[in-house]
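The opening residue of the sequence shown carries number 11 in the numbering used here; numbering runs sequentially from there. Ideal Cβ positions, reconstructed from N, Cα and C, are used throughout, including at glycine. Predicted model, so just to flag it, every value in this text is computed and none were measured.
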Amino acid sequence: MSSYEKGKLRQVQLFNQNRDLIQKEITSLADRFNQDWKKVSKHLEKNLKFKLSPSFLRHNYKDIVAKRHLKEKFEFTYEMELELISLIGKFGKDWNVIAQ
Numbered sequence: 011m012s013s014y015e016k017g018k019l020r021q022v023q024l025f026n027q028n029r030d031l032i033q034k035e036i037t038s039l040a041d042r043f044n045q046d047w048k049k050v051s052k053h054l055e056k057n058l059k060f061k062l063s064p065s066f067l068r069h070n071y072k073d074i075v076a077k078r079h080l081k082e083k084f085e086f087t088y089e090m091e092l093e094l095i096s097l098i099g100k101f102g103k104d105w106n107v108i109a110q
């Protein structure tokens, strides 16, 4: 494994260990620094004592925003979940059939 790959792996491990805290910080700092990911990265390094690359932060921020949007956009009701469970029991995970 190259040193570059080891560095990226270390970033992911650090992120996963501190996911909730970092995600809150990323969204807050993205607004504060107008999505200037170099500034966000430097701020996190200074305050949280480890470095996450600007590209890693940008990618993660997009994931956070997308997940937030999906959650806001649609949530299953209890009845819908029961129907889905029933259909999975009947047809397995054949999503084409279930979607009809």
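- Under the three-state reduction of DSSP output, GLN110 falls in the coil class, being neither helix nor strand.
- Contact between the segment 61-72 and the segment 15-27 is present: 3 or more CB-CB pairs across the two stretches fall below 8 Å.
- Annotation for LEU19: the continuous alpha helix (DSSP H) segment containing it runs 13-27.
- The Cβ atoms of ILE36 and TYR88 lie no closer than 8 Å to each other.
- Here the alpha carbon of GLN45 sits roughly 39 Å from the alpha carbon of ASN106.
- Contact between GLN33 and ILE74 is confirmed by a C-beta separation of about 6 Å, below the 8 Å threshold.
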